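Peer 1: Submitted below is the structure of interest, expressed as structure tokens.
Residue numbers (mature numbering (1 follows the signal peptide of the UniProt record, and there is no 0)): -23 to -1, 1 to 808.
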């Protein structure tokens, strides 16, 4: 009852705020239009549109959205006005209009002509995009404006994005929920075999144009991901001639980064190349305390301390060529190659105490790990525009492969409280793991407009994933000073996952203010696994598994524009979260044999139903978007930690499907221009979580209130100097077996433009107050376990970037490279 009463209170607050805003609005005139290139009709997004009074006094200003559309609402004055439209590299368009008492003024398509003299060494471009563009259906974060992640990786950049959280292992959450789907240019990346964490760690932040957050995607999009989609849009050079950039940085703990790119483009061809080098060290500190609640336990309390030093080196090369057969038809081929290695050294000290708190045993240990591997992908993209405006066809084929070899040497001995060797068996083990991953992706997307107010989108996608993990484990035989094969821990795990999907999406704008979108995606999925090994007698055994299922994923979006720059959207979508390889693999991870982890090949995919009610309000200098959401997840995949009956003082963690999880939440995001050159973007997310327990696993029902927030401030201090600070806080979060501890961190950066704005010098510091840490408390009735991990000290670096070449834009439509069509639009299309 308390659960639903808290959610009802959130709804009442939301309605009260919305009603107050509506009560203050008046009858107004709406002015709308669309900005395109005069020659190619390419969309010009983020163009600046100003509404000026007859005496040139500024009245309102806005930017075109991802589809080139713009709207002025709540224009409550009549008379003669001027419209001024500007975009970098184009001549400014000025037009005079007369406003009477009409309800809507449609300016139609506004065409801008290129400025032929706009060359970088002659024209200094001073305009800047906002850090974030807020829409009712998505949020767009412009990466160039993130000073706190200069010289960093995509992981560092995502940590500064509102609504996004990143833990110390680089795992990404959206609205406080894991299992978010991450796309690169609207597609699931096959680079490196599709390992998302590896991709984000190897992708330089300065290679990213923007980050799009879509919390309730339509059926057109990949339905994987419990909390939605994060789409990372890479920079694409649209300038004719030769252009390039060089970026370098150096920071604490021997962190060095170098990135350079070169691009040549004419009317028929585009050649591009990029190389990046990253090296550095990472120091981690951790602790793990476990108290067993049973009085018969020989070890009532254990504690462990960990210190880890990781050193890595990564080289990444990207090459691409694109052929423009006509202004409406193009073919692109690109490839990526990544080669890297990592050395890690972990020291571990474990202590075991009896019921009286007296020390039983102490176990110092060391884990030395060497990892090397490579990954590559190949992409083929075809794009064609038909004669009918808006009718488009795009196809994509991609293949990715990664290979990784991991050698691990684990040594640990135990001593009693007298300093003598204990009865606890020590370990001297060598593990050699070879992983091979291959991904295929075939995709086709078609858009067919029926009129200016309706269109149909349809497509097909096939994704094939293959993964092999071969592990050989040997233990030292002390008496013979040699290693013998441990057949219990030597195995081969093979996994195949196939997903075939078709979708259809229909959009209709019924009036100037009301639009709807309905979609359906059908997917047939197969998961085949095989776990095999050979015993000491040479007898082979295997445990095959198979899961296949067909599901329909509907979606619906209703969008209503209201008077006074208000907008509402109601949406529903069904999604899925498929188990990953490490969650399925039944091979035990015994790097710490007192805290073993093991997968479950019988896991079922999560079934997700998501509802969202969004509201957006735009003032002259303030933007507010709010979302009231409900999400129900069936067959929740959770890691359940239990006491290990085979190991005195140990635990074992397995993956299981538990019954259900429900979340009710309210998210608020606002951007405010406080003063000229100074703005603040704030994000607050409140949600109530309820876990339905599973008696067979000893899991009780659990619920609790959670919240997190993000505050980003940006200031232009002088013409060439700007600064940014980002503060993140996550309150303790309820889990199925306990709670996650609070997290708080602050990042900051400054940038100074030099060389007539061709270059810039930056300095940033991550975790300014050395407060970023990750912790969890587990209570399952058998034991209480508390662990915490953190980095050692702040991270800071000094960076320099230099850009050269022309500024003559040839702004091809973005969807040329985006089969997912991640631009704006109704439902997600901005009606």
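We put the beta carbon where it would ideally sit given N, CA and C, even for glycine.
Nothing here was measured: the structure is a model prediction, and the numbers come from that model.
(1) Which residue comes first and which comes last in the alpha helix (DSSP H) that contains residue 135?
(2) CB residue 308 to CB residue 359, shorter than 8 Å?
(3) Determine the contact status of residue 604 and residue 589, defining contact as a CB-CB distance below 8 Å.
(4) Would residue 139 pass as a contact of residue 628 if the rule is Cβ separation under 8 Å?
(5) Spatial neighbours of residue 466 within its chain, please: C-beta separation below 6 Å, excluding the five flanking residues on both sides.
(6) Got a sec, what are the start and stop residues for the beta strand (DSSP E) residue 310 sits in?
(7) Given that a residue counts as buried once 16 or more other Cβ atoms are within 10 Å of its Cβ, and exposed if not, what is residue 182?
(8) Do you know how far the Cα of residue 218 is from the Cα of residue 297?
(9) Is the stretch 711 to 718 in contact with the stretch 740 to 748, if contact means three or more CB pairs nearer than 8 Å?
(10) What residue range does the alpha helix (DSSP H) around residue 175 cover?
(11) Out of 626, 536 and 633, which has the shortest C-alpha to C-alpha gap to residue 580?
(12) Suppose only complete runs of 4+ residues qualify. What are the alpha helix (DSSP H) ranges in the stretch 544 to 574, listed by chain order?
(13) Looking at the structure shown, is residue 162 part of a helix, part of a strand, or coil, going by DSSP?
(14) By how many angstroms is the C-alpha of residue 653 removed from the C-alpha of residue 596?
(15) As a quick exercise: from 40, 91, 400 and 421, pick the residue whose alpha carbon is nearest that of residue 374.
(16) Over the uninterrupted beta strand (DSSP E) stretch that includes residue 387, give me the two end residues.
(17) What separation, rounded to the nearest whole angstrom, lies between the Cα atoms of residue 88 and residue 486?
(18) Have a look at residue 367 and residue 122 and give me their C-alpha separation to the nearest angstrom.
(19) DSSP three-state label for residue 786, please.
(20) From this set, 322, 56 and 291, which residue's C-alpha is nearest residue 130's C-alpha?
(21) With a CB to CB cut of under 7 Å and the five nearest residues on each side skipped, what residues in its chain are close to residue 17?
(22) Excluding sequence positions up to five away, which residues of its chain have a Cβ less than 7 Å from the Cβ of residue 432?
(23) Out of 42, 247, 763 and 165, which has the shortest C-alpha to C-alpha gap to residue 572?
(24) Within 10 angstroms of its Cβ, does residue 523 collect 16 or more other Cβ (buried), or is it exposed?
(25) Assign residue 379 to one of two classes, buried (16 or more other C-beta atoms within 10 Å of its C-beta) or exposed (fewer than that).
(26) Exposed or buried, which one is residue 79 when buried takes at least 16 other CB atoms within 10 Å?
(27) Is it the case that the Cβ atoms of residue 584 and residue 611 are separated by a distance below 8 Å?
(28) Quick one: what does DSSP say residue -20 is sitting in, helix, strand or coil?
(29) Just curious, the beta strand (DSSP E) that residue 513 is in, first and last residue?
(30) For the stretch 151 to 161 against the stretch 699 to 706, are there 3 or more C-beta pairs whose distance is under 8 Å?
(31) If you measure between the beta carbons of residue 778 and residue 234, is that distance less than 8 Å?
(32) Roughly how many whole angstroms lie between the Cα atoms of residue 251 and residue 237?
(33) Checking the sheet assignment: what are the DSSP bridge partners for residue 658?
(34) Return the chain-ordered list of same chain residues with a C-beta closer than 6 Å to the C-beta of residue 616, the five sequence neighbours on each side being excluded.
(35) If you draw a straight line from the C-alpha of residue 260 to the C-alpha of residue 771, how long is it?
(36) Indicate whether residue 412 and residue 385 have their beta-carbon atoms separated by less than 8 Å.
Peer 2: Concretely, from the data shown:
(1) The residue labelled residue 135 in the question sits at position 158 within the chain shown. Segment 131 to 135, the alpha helix (DSSP H) holding residue 135.
(2) Here residue 308 corresponds to residue number 331 of the chain shown, with the count starting at 1. Here residue 359 corresponds to residue number 382 of the chain shown, with the count starting at 1. Against a cut-off of 8 Å, the Cβ pair of residue 359 and residue 308 comes out as a contact.
(3) The sequence position of residue 604 within the chain shown is 627, counting from 1. The sequence position of residue 589 within the chain shown is 612, counting from 1. Closer than 8 Å, so yes.
(4) Position 162 of the chain shown, counting from 1, holds the residue named residue 139. Position 651 of the chain shown, counting from 1, holds the residue named residue 628. By the CB criterion at 8 Å, residue 139 and residue 628 fall outside the cutoff.
(5) Taking the chain shown and counting its residues from 1, one reaches residue 466 at position 489. Excluding residues within five positions, the ones whose Cβ falls inside 6 Å are 450.
(6) Here the question's residue 310 lines up with position 333 in the chain shown. For residue 310, the enclosing beta strand (DSSP E) stretches over residues 306 to 330.
(7) Position 205 of the chain shown, counted from the start, is the residue given in the question as residue 182. With 16 or more other Cβ atoms within 10 Å, it is buried.
(8) Position 320 of the chain shown holds residue 297. Position 241 of the chain shown holds residue 218. Using only the alpha carbons, I get a separation of about 16 Å.
(9) Three or more Cβ pairs closer than 8 Å define a contact, and the stretch 711 to 718 falls short of that threshold against the stretch 740 to 748.
(10) For the purposes of this step, residue 175 is taken as the residue at position 198 of the chain shown. That run of the alpha helix (DSSP H) goes 173 to 179.
(11) Counting from 1 along the chain shown, the entry for residue 580 is found at position 603. For residue 580, the closest alpha carbon among the candidates 626, 536 and 633 is that of 633.
(12) Taken in chain order, the complete alpha helix (DSSP H) segments of 4 or more residues contained in the stretch 544 to 574 are 558 to 561.
(13) For this step, residue 162 is matched to residue 185 along the chain shown. Correct three-state label for residue 162: coil.
(14) What you label residue 596 is simply residue 619 of the chain shown in a count that begins at 1. What you label residue 653 is simply residue 676 of the chain shown in a count that begins at 1. The alpha-carbon atoms of residue 596 and residue 653 are separated by roughly 16 Å.
(15) One-based indexing of the chain shown puts residue 374 at position 397. By alpha-carbon distance to residue 374, the top candidate from 40, 91, 400 and 421 is 421.
(16) Counting from 1 along the chain shown, the entry for residue 387 is found at position 410. Segment 369 to 389, the beta strand (DSSP E) holding residue 387.
(17) Taking the first residue of the chain shown as 1, we reach residue 88 at position 111. Taking the first residue of the chain shown as 1, we reach residue 486 at position 509. Here the alpha carbon of residue 88 sits roughly 24 Å from the alpha carbon of residue 486.
(18) What you label residue 367 is simply residue 390 of the chain shown in a count that begins at 1. What you label residue 122 is simply residue 145 of the chain shown in a count that begins at 1. Rounded to the nearest angstrom, the two C-alpha atoms are 31 Å apart.
(19) Working through the chain shown from its first residue, we reach residue 786 at position 809. Residue placement at residue 786 is poorly supported in this model, since its pLDDT is 48, which falls under 50; the coordinates still yield a value, given next. Residue state, collapsed to three classes: strand.
(20) Looking up residue 130 in the chain shown gives position 153. If you compare the alpha carbons of 322, 56 and 291 with that of residue 130, the shortest gap goes to 291.
(21) Translated into the one-based positions of the chain shown, residue 17 becomes position 40. The answer, listed in chain order, is 304.
(22) Indexing the chain shown from 1 puts residue 432 at position 455. These residues qualify, in order along the chain: 367, 424, 425, 426 and 484.
(23) The count along the chain shown starts at 1 and reaches residue 572 at position 595. It is 763 whose Cα lies nearest to the Cα of residue 572.
(24) Along the chain shown, read from residue 1 onward, the residue named residue 523 stands at position 546. Answer is exposed; the Cβ neighbour count stays below 16.
(25) For the purposes of this step, residue 379 is taken as the residue at position 402 of the chain shown. Flag for residue 379 reads buried.
(26) Numbered from its first residue, the chain shown carries residue 79 at position 102. If you draw a 10 Å sphere on the C-beta of residue 79, you find fewer than 16 other C-beta atoms in it, and that means exposed.
(27) In the chain shown, counting from the first residue as 1, residue 584 sits at position 607. In the chain shown, counting from the first residue as 1, residue 611 sits at position 634. Yes.
(28) Taking the chain shown and counting its residues from 1, the one referred to as residue -20 is at position 4. Below a pLDDT of 50, predicted positions are generally treated as unreliable, and residue -20, at 47, falls in that range; the measurement from the model is reported next regardless. Residue state, collapsed to three classes: helix.
(29) Your numbering for residue 513 matches position 536 in the chain shown. Run containing residue 513: none; DSSP gives neither H nor E here.
(30) No, because fewer than three Cβ pairs between the stretch 151 to 161 and the stretch 699 to 706 fall closer than 8 Å, the two stretches do not touch.
(31) Mapped onto the chain shown, residue 778 falls at position 801. Mapped onto the chain shown, residue 234 falls at position 257. Result no, Cβ atoms of residue 778 and residue 234 do not sit closer than 8 Å.
(32) Position 274 of the chain shown, counted from the start, is the residue given in the question as residue 251. Position 260 of the chain shown, counted from the start, is the residue given in the question as residue 237. Their Cα atoms are separated by approximately 6 Å.
(33) For the purposes of this step, residue 658 is taken as the residue at position 681 of the chain shown. Looking at the DSSP assignment, residue 658 forms a beta bridge with 648 and 689.
(34) Position 639 of the chain shown, counted from the start, is the residue given in the question as residue 616. Counting only Cβ-Cβ distances below 6 Å, and skipping sequence neighbours, we find 630 and 632.
(35) Here residue 260 refers to the residue found at position 283 when the chain shown is read from its first residue. Here residue 771 refers to the residue found at position 794 when the chain shown is read from its first residue. Answer to the nearest angstrom: the Cα atoms are 11 Å apart.
(36) Locating residue 412 in the chain shown gives position 435, where the first residue counts as 1. Locating residue 385 in the chain shown gives position 408, where the first residue counts as 1. Result no, Cβ atoms of residue 412 and residue 385 do not sit closer than 8 Å.
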